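Encoded structure:
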C-alpha cells in the first residue's frame with residue numbers, strides 16, 4: 041500500500057482527480073426523497089471541505105473549485121471550514137462560490153489566500169471590502185460573474201413585474217412572482233464606487249444584477265470581449281445609451297447576451313436596431329425576452345437593421361412567440377434568409393420558434409433543423 045501511495049502513477053491520478061473539485065447543487069426535485077438526498081449531498085460537501093482543509097498536499101492540486109451552499113442558517117464553523125480549505129489551494133485559478141442566505145463578506149473568505157485567480161463567480165454582494173480586496177490582490181482576473189441576489193434590480197420592482205402571462209412560465213407563475221417580490225423588493229439599491237484600477241484585465245463580465253451604477257462602473261475602460269447583461273423594466277433605453285456612449289472603449293466587445301425584462305409591442309424591433317447601430321463589430325448576439333411575446337411580423341421588420349452588423353456570425357433570439365399561424369417553421373426560415381441577405385457574415389441563427397438556421401463553411405445554401 042505504501043508503494044501504491046507513493047508511486048508516480050498514483051501521484052498522477054491524484055493530480056487529475058483533484059484538478060477540478062465541483063461541489064455544486066445536487067440535481068434534485070422537491071419531493072421528500074430528494075430533500076433527503078440533498079441533505080446527504082450537503083454532508084458529502086462538508087466531508088470534502090474537511091479533507092481539503094486538513095490535507096494541504098491535496099488542496100494544493102486544485103485548479104478549479106466550485107461550491108454551492110444554500111444553508112438556511114450558515115454557521116461560523118462552515119464559513120471557517122471554507123476559508124481554511126481555500127488557504128491551502130496554492131494553484132487555484134478558477135473559483136465559483138454560490139453561498140446564498142449568507143451574510144458574510146467574500147473578502148473575509150479570501151483573506152490571506154495564496155492563489156491568483158483568473159475567473160471568479162459568486163453570489164455574494166459586491167461590498168466595499170470585497171472591491172478593495174479584488175483591486176489590491178486579484179488584479180489578474182479576466183472573467184467575473186456576479187449572480188448575487190443582494191439589492192434590488194434597478195427598476196425591476198415587484199410592483200412592476202406583475203404576473204408572467206406567457207404560457208412558458210404558467211406552471212411557476214406564483215413561485216416566480218413570490219421570488220421576485222421577496223428578493224428584488226421595490227427600492228433602488230446603489231453600491232460602492234469602483235476604483236479606476238479595478239480589474240484592468242477583465243475580458244468577460246456576466247451579471248444578473250440590473251443596477252445601472254454597477255454597469256456604468258464596470259463596462260467603460262476595460263477590455264471586455266464578452267458580456268451578459270440584464271435589461272430590467274424601465275432601464276433598457278438607459279443601458280443601450282450607455283453601450284453607445286462607451287462605443288470607443290468597447291471596440292473589443294465581440295459577444296453580447298441580453299436578458300430582457302422589458303415589454304412592449306415594438307420593443308424587440310427597437311432593441312435590435314440600436315444594438316446594430318451602437319455595436320456593429322459584434323460577432324455573437326443572444327437576446328432573451330422574458331416578458332415580451334415576440335411576433336414573426338416584428339422579427340421580419342428587423343431585417344434592414346442587420347445591414348449595420350459587419351462581422352455578426354451567431355444570432356440567437358429566444359422568446360415565447362405570439363402567433364397561432366400554421367407553417368411557422370417555413371416562415372421562420374424565410375425570416376432567417378432575409379436576415380442573411382442583409383448580413384452575409386451570419387452562419388448560425390436560432391429563432392424563437394426553435395428553428396436552427398445554419399450555413400456551413402464553404403456552402404452558399406443554408407440548412408435548417
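Residue numbers (the working numbering): 41 to 409. Glycine included, every Cβ here is placed at the ideal spot set by N, Cα and C. Since we're looking at a predicted model, the values are computed, not measured.
Sequence-distant residues of the same chain with beta carbon closer than 6 Å to residue 238, five excluded per side: 175
On the premise that residue 294 lies in contact with residue 262, defined as a C-beta separation below 8 Å, what is that separation, rounded to the nearest angstrom? So it is not a contact: roughly 14 Å between Cβ atoms.
Is residue 234 closer than 8 Å to residue 267 when the C-beta atoms are compared? no
Could you tell me which whole alpha helix (DSSP H) segments of length 4 or greater appear in the stretch 90-156? 96-99, 116-127 and 146-149
N- and C-terminal bounds of the alpha helix (DSSP H) containing residue 338: 336-341
Does DSSP put residue 407 in a helix, a strand or coil? strand
So what does DSSP say about residue 384, is it helix, strand or coil? In this structure, residue 384 counts as coil in the three-state DSSP scheme.
Where does residue 216 fall in DSSP's three states? At residue 216, the pLDDT of 48 sits below 50, so the modelled position is not reliable; the number obtained from the coordinates is stated separately. Residue state, collapsed to three classes: helix.
Applying the 10 Å Cβ sphere with the 16-neighbour rule, what's the burial state of residue 337? exposed
Nearest-angstrom Cα separation, counted from residue 299 out to residue 357: Each residue's alpha carbon lies about 10 Å from the other.
Span of the alpha helix (DSSP H) around residue 169: 168-177
Here's a check: name, in chain order, each residue in its chain whose Cβ is nearer than 6 Å to the Cβ of residue 327, leaving out the five neighbours to either side. Counting only Cβ-Cβ distances below 6 Å, and skipping sequence neighbours, we find 298 and 357.
Where do the ends of the beta strand (DSSP E) carrying residue 160 lie? 159-162
Going by DSSP in three states, residue 400 sits in which element: helix, strand or coil? coil
Taking a contact to mean a Cβ-Cβ separation below 8 Å, would you say residue 180 touches residue 157 in this structure? Here residue 180 is near residue 157, since their CB atoms are less than 8 Å apart.
Taking the alpha-carbon positions, what's the residue 414 to residue 170 distance? Outside the displayed span of the chain (41 to 409) sits residue 414, for which this structure offers no information.
Beta-carbon gap between residue 242 and residue 184 smaller than 8 Å: yes
Buried/exposed call for residue 409, threshold 16 Cβ in 10 Å: exposed
Same chain only: Cβ atoms within 6 Å of residue 247, ignoring 5 sequence neighbours per side: 186
With a threshold of 6 Å on Cβ separation, who are the neighbours of residue 388 within its own chain once the five nearest residues in sequence on each side are excluded? If the five residues before and after residue 388 are omitted, its C-beta is found closer than 6 Å to the C-beta atoms of 354 and 398, all from its own chain and listed in chain order.
CA-to-CA distance, residue 91 to residue 116, given in whole angstroms: 18 Å
Of all the options 351, 393 and 381, which has the alpha carbon lying nearest to the alpha carbon of residue 370? The shortest CA-to-CA distance from residue 370 to any of 351, 393 and 381 is the one to 393.
If distances are taken between C-alpha atoms only, which option among 331, 109, 255 and 396 comes closest to residue 377? Proximity to residue 377 across 331, 109, 255 and 396 peaks at 396, based on C-alpha coordinates.
Residue range of the unbroken beta strand (DSSP E) whose run includes residue 331: First-last for residue 331: undefined, no H or E at that position.
Member of 259, 110 and 315 whose CA lies at the smallest distance from the CA of residue 352: 315
Pick helix, strand or coil for residue 86, following the three-state DSSP scheme. Residue 86 falls in the helix class under three-state DSSP.
Whole-angstrom C-beta distance between residue 131 and residue 102, which should lie under 8 Å: At roughly 7 Å, the Cβ-Cβ gap stays under 8 Å, so residue 102 and residue 131 are in contact.
Residue 70 versus residue 258 - alpha carbon distance: Bear in mind that a pLDDT of 45 at residue 70, under 50, signals an unreliable position, so the number given afterwards is only what the model happens to contain. So the two alpha carbons sit approximately 38 Å from each other.
Which two residues bound the contiguous beta strand (DSSP E) that contains residue 60? 60-63
In the DSSP output, what is residue 183 paired with across the bridge? 159 and 244
For residue 276, which option in 308, 85, 372 and 292 has the closest C-alpha, if you only look at C-alpha atoms? 308
The beta strand (DSSP E) enclosing residue 265, as first and last residue numbers: It is not in any beta strand (DSSP E) - residue 265 carries neither H nor E in the DSSP assignment.
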